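Numbering (my numbering), first residue to last: 919 to 1194. Report on the following structure.
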């Protein structure tokens, strides 16, 4: 019975993996087809492999700039979220103050509410007024929101460390900020790497916010914005071949990161979920 359950588990996981990979394989193989073949239909594999789809997207349609913008936007946004989340989580785990319980519940409650559409215009208005839309390096400052998940993970991780280290540091005369930066922050490396990767993937796939922020400055468009615009690049018909090639360019970095670091992601989440 135990042997049967083991094999059943592997069968279910294999089926789920195949169902997950099928859309990716379709996009991969279809990205090597001509637009005419995509419109007229056909099998999964191209009748004629058109490798020029990728070179046309990358060079002629300025995807190299979009790729650079996506890297900067995702990296800076993730770094800011990690920095703010780490400090907030440490405060909630190590400090007692009036209204802490209520504030903690409100922050975690935001995780279950979609505030994106409601806050999009106010953030855009503030970004324009402060001149944040002029550079891809400053746009992430307006995207800093939704820290509920990071606060929850960091708070749980810090609580799992115990208070003995902080108490020993207090005896040695370490200040509050020194205890955080010198003692606790280095120990946060596993959960920091995990949350950074998760936030990086989320920001890399972000579409609405970069689209709105790049309205007045096309040089700040990201890959996700550029990919959607490829629909209108064809002459008389949607350029599905370019759209699919651009989609693969935007997906490949995320797939590589997740495949290489999936163990660290799962391990960091498990550590962050521990409550001391």
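Glycine included, every Cβ here is placed at the ideal spot set by N, Cα and C. Small disclaimer: the values here were computed from a predicted structure and weren't measured.
Report yes or no: do three or more beta-carbon pairs, one from the segment 1139-1149 and one from the segment 981-989, lie closer than 8 angstroms?
yes
What do you get for residue 975, buried or exposed, if any count of 16 or more other CB atoms within 10 angstroms of its CB means buried?
buried
Same chain, Cβ closer than 7 angstroms to residue 999, neighbours up to 5 away in sequence not counted
1062, 1065, 1068, 1117
Whole-Å CB distance - residue 1101 paired with residue 1111, under 8 angstroms assumed
So it is not a contact: roughly 18 angstroms between Cβ atoms.
Among residues of its own chain, excluding the 5 on either side of residue 1114, which ones have a beta-carbon nearer than 6 angstroms to its beta-carbon?
996, 1000
Would the beta-carbon of residue 1178 fall within 8 angstroms of that of residue 1122?
no
Going by beta carbon distance, what residues of the same chain come within less than 6 angstroms of residue 972, once the five residues before and after it are set aside?
1163
Residue 1019 - containing alpha helix (DSSP H), residue span
1018-1028
What are the boundary residues of the alpha helix (DSSP H) that includes residue 1084?
1082-1089
Over what stretch of residues does the alpha helix (DSSP H) that includes residue 964 continue unbroken?
Element bounds for residue 964: n/a, residue is neither H nor E.
Check the C-beta distance from residue 1045 over to residue 1057 and give it rounded, since I have them as a contact under 8 angstroms.
7 angstroms
Can you check the segment 1112-1155 for any alpha helix (DSSP H) of at least 4 residues that lies completely inside it and give the ranges in chain order?
1126-1131, 1141-1147
For residue 950, three-class secondary structure by DSSP:
coil
Straight-line Cα distance separating residue 1137 from residue 939
33 angstroms
Beta-carbon proximity check, residue 963 vs residue 947, cutoff 8 angstroms:
yes
Using the beta-carbon count (16 or more within 10 Å), is residue 921 buried or exposed?
exposed
Under a three-way DSSP split, which group does residue 1053 fall into?
coil
Any idea if residue 970 is buried or exposed, counting beta-carbon neighbours within 10 angstroms, 16 or more meaning buried?
exposed
How about residue 933 and residue 1042: do their beta carbons lie closer than 8 angstroms?
no
At a Cβ threshold of 8 angstroms, is residue 1040 touching chain B?
Judged by its chain identifiers, the structure shown contains no chain B, having just a single protein chain.
Inspect the beta-carbon positions of residue 1072 and residue 1120 and report whether they are closer than 8 angstroms.
no
How big is the Cα-Cα spacing for residue 1105 and residue 1075?
9 angstroms
Own chain residues within Cβ distance below 6 angstroms of residue 1127, not counting five before or after:
1061
Could you name the residues of the same chain whose beta carbon sits closer than 7 angstroms to that of residue 1132, not counting the 5 residues immediately before and after it, in chain order?
1138, 1139, 1143
For the alpha helix (DSSP H) containing residue 980, list its first residue and its last residue.
No alpha helix (DSSP H) contains residue 980, which DSSP labels as neither H nor E.
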